[in-house]
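When you line the sequence shown up against the numbering used here, it's residues 774 to 1208, in that order. C-beta atoms are modelled at their ideal positions from N, C-alpha and C, and glycine is treated no differently. Below you'll find the structure, written out as structure tokens, and then a few comments.
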Amino acid sequence: GQCEDVTGQCTCNPNRWGPKCENPCLCKHGKCNQKTGKCTCETNWWGPQCASVCYCSLNSQCDQQVGTCICQPGWWGRGCNNQCTCNNSPCEQFSGRCQCREGVFGPRCDRYCQCDKGKCNQVDGTCTCDPGYRGKYCREPCPAGFYGQGCRRRCGQCKGLQPCTIADGRCLACEAGWKGPKCDQACSPGVYGEGCEKICPPCKDGHTCNHINGKCSHCNPGWIGDRCETKCRNGTYGENCAFVCSDCFNGECHFETGKCLCRAGSHGTYCNLTCPAGQYGVNCAKSCSCHDDTCDPLTGACHMEANQRMGVIAAGALLALLLILLLSLLCCCCVCRKKEEAQGANQDPAASKKSPGRLCGRFSRISMKLPRIPLHRQKLPKVVVAHHDLENTMNCSFIEPPSVVEQPSPSWSSRGSFSSFDTTDEGPVYCVPHE
774 GQCEDVTGQC TCNPNRWGPK CENPCLCKHG KCNQKTGKCT CETNWWGPQC
824 ASVCYCSLNS QCDQQVGTCI CQPGWWGRGC NNQCTCNNSP CEQFSGRCQC
874 REGVFGPRCD RYCQCDKGKC NQVDGTCTCD PGYRGKYCRE PCPAGFYGQG
924 CRRRCGQCKG LQPCTIADGR CLACEAGWKG PKCDQACSPG VYGEGCEKIC
974 PPCKDGHTCN HINGKCSHCN PGWIGDRCET KCRNGTYGEN CAFVCSDCFN
1024 GECHFETGKC LCRAGSHGTY CNLTCPAGQY GVNCAKSCSC HDDTCDPLTG
1074 ACHMEANQRM GVIAAGALLA LLLILLLSLL CCCCVCRKKE EAQGANQDPA
1124 ASKKSPGRLC GRFSRISMKL PRIPLHRQKL PKVVVAHHDL ENTMNCSFIE
1174 PPSVVEQPSP SWSSRGSFSS FDTTDEGPVY CVPHE
């Protein structure tokens, strides 16, 4: 061999191999690999050392590993010396038996198949139909509702009784309660309806509803209906609402258990007992906040004492009498005013101006004799009628008693006292001094 100047590697001669070209090449009719020593045989020679001759014709190629002949299409035999007679179809290499191409059959592949939607047997020409077709020559599609190989499989629950695809059974859409590409899978437990998108109602003991319409076979106590959505009513309770409630005197029967649910202010098995002293509300669970721990069992409002009730009644009666008296005084003033106007036409003008003041003064003196009644405890409005000096400047307004909500101030009696009276086109008025 020869050594390369740059790398220092050896390039072996054709009859040597190895890193240093130290091994002889044993290939008799071929070349050896300079690194491994493996032989690459010449044409028509085979074996590890290319020592055996191939007996193949020109219509074949020798397999240099085992020495067999690989025939070209249209030839057969050990040496590929025989020509196939299969009407342009290949034949088996060692037996010469015809291997018909698609569409023909017979011993010499000289007969044509009649299968429209399928494959024919290469020996006798019988048809094997594609999925979705049937018949001797595979010309008939599957009838509605069937699909697949030999039309032996039924379609799933396609929506609106639409047929599935005859080849693989797929549906465009599914009926309520079904899912999957073939609509052959029921909805999962807990859901139902079209697209399996609706949630099942609470059926008895957690059982699932019907996957198509959502109906329950049984309901929990207290519920009825196809989907257990209606509570027991009309005094019934329990499973299927088959039990009649007991008499709940001041409450309602629980639709599931039949126990009485008492209204505020009562308790007991039949709600026939009033809350004990100091308690009120639902189930008598709240405590009264009154000074004597007694209150209304329903609302918790404190009870008024006897003297307080009498005071409120008396105050109301007195207030009504005062209002009646005021109205009576106003009516009298109106009558007097009209009389004075009639008489004033014949009197001195100066005298006629003073007469209303004198008349008002009389009524104001009368009002001084009316009693003043304190109503602080009852929190009612205080009404006082008092006298004021006629010579003071007056401010006339329509009568409006103080608000019930606002607590009157101690000085109200002086600011709101009646001290002068007059009438206008809009009605009677009273006068108070300017502050």
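Assignment of beta-bridge partners to L1094 by DSSP yields no partner. Of the other Cβ atoms in all chains shown, 16 or more fall within 10 Å of the Cβ of H984; this residue is therefore buried. By a beta-carbon distance limit of 8 Å, C944 contacts C956. Their separation comes to about 4 Å. The residue from D1069, G1051, P994 with its alpha-carbon nearest to that of K1032 is P994.
Distance from the CA of S868 to the CA of G850, rounded to the nearest whole angstrom, comes to 7 Å. Excluding five sequence positions before and after G921, the CB atoms of its chain that fall closer than 6 Å to its own CB belong to P904, given in chain order. In this structure, the straight-line span from the alpha carbon of R884 to that of C853 is close to 26 Å. By the Cβ-count criterion, R925 is exposed, with fewer than 16 other Cβ atoms from all chains shown falling within 10 Å of its own Cβ. Just so you know, the alpha carbons of W848 and G953 end up roughly 53 Å apart. The C-beta of R907 has 16 or more other C-beta atoms within 10 Å across all chains shown, which makes the residue buried. In this structure, the alpha-carbon of C1063 lies about 32 Å from that of C1026. Excluding residues up to 5 positions away in sequence, T858, C859, N860, C871 lie with their Cβ nearer than 8 Å to the Cβ of R881 in the same chain. Contact check for K1059 and G1073: beta-carbon distance about 6 Å, within the 8 Å limit, so the pair qualifies. Assignment of I972 by DSSP, reduced to helix, strand and coil, places it in the strand class. Between R1000 and G987, the C-beta gap is smaller than 8 Å, which places the two residues in contact. In this structure L1102 is buried. Its beta-carbon is surrounded by 16 or more other beta-carbon atoms within 10 angstroms.
The C-beta distance from C893 to C886 rounds to 4 Å, short enough to fall under 8 Å. Nearest Cα to W951 within the set V964, L1034, D941, I939: V964. Counting only residues of its own chain and dropping the five nearest sequence neighbours on each side, E1029 has a CB closer than 7 Å to the CB of P994, G995, Y1010. Around the CB of Q837, 16 or more other CB atoms lie within 10 Å, so the residue is classed as buried. Relative to N1013, the option among E1002, T841, C812, K971 whose CA is nearest is E1002. The residues G1054, V1055, L1071, in chain order, have a CB closer than 6 Å to that of A1037 in the same chain once the five nearest residues on each side in sequence are set aside. Annotation for E1025: the continuous beta strand (DSSP E) segment containing it runs 1024–1026. Distances from the alpha-carbon of K909 to those of G891, G933, V779, C1109 put G891 closest. If you check the CB distance, P792 and C783 come in under 8 Å. For the pair C823 and C842, the CB atoms are not nearer than the 8 Å cut-off. Distance from the CA atom of C989 to the CA atom of P975, rounded to whole angstroms, is 8 Å. DSSP, reduced to helix, strand and coil, places R1110 within a helical segment of the structure shown. Secondary structure note for T901: its beta strand (DSSP E) is the uninterrupted segment 900–902.
For Q822, the secondary structure class from DSSP, reduced to helix, strand or coil, is coil.
Per DSSP, reduced to three states, the secondary structure at A1088 is helical. Taking the CA atoms as reference points, C992 sits about 22 Å from L1034. Assigned with DSSP and collapsed to three states, G810 falls in coil, not helix or strand. For C835, the enclosing beta strand (DSSP E) stretches over residues 833–835. Within the same chain, and ignoring the five residues on either side of G810 in sequence, the residues whose Cβ sits closer than 8 Å to its Cβ are W790, G791, N796, C798, L799. Here A940 has P904, G905 as same chain residues with Cβ atoms under 6 Å from its own Cβ, once five neighbours each way along the sequence are excluded.
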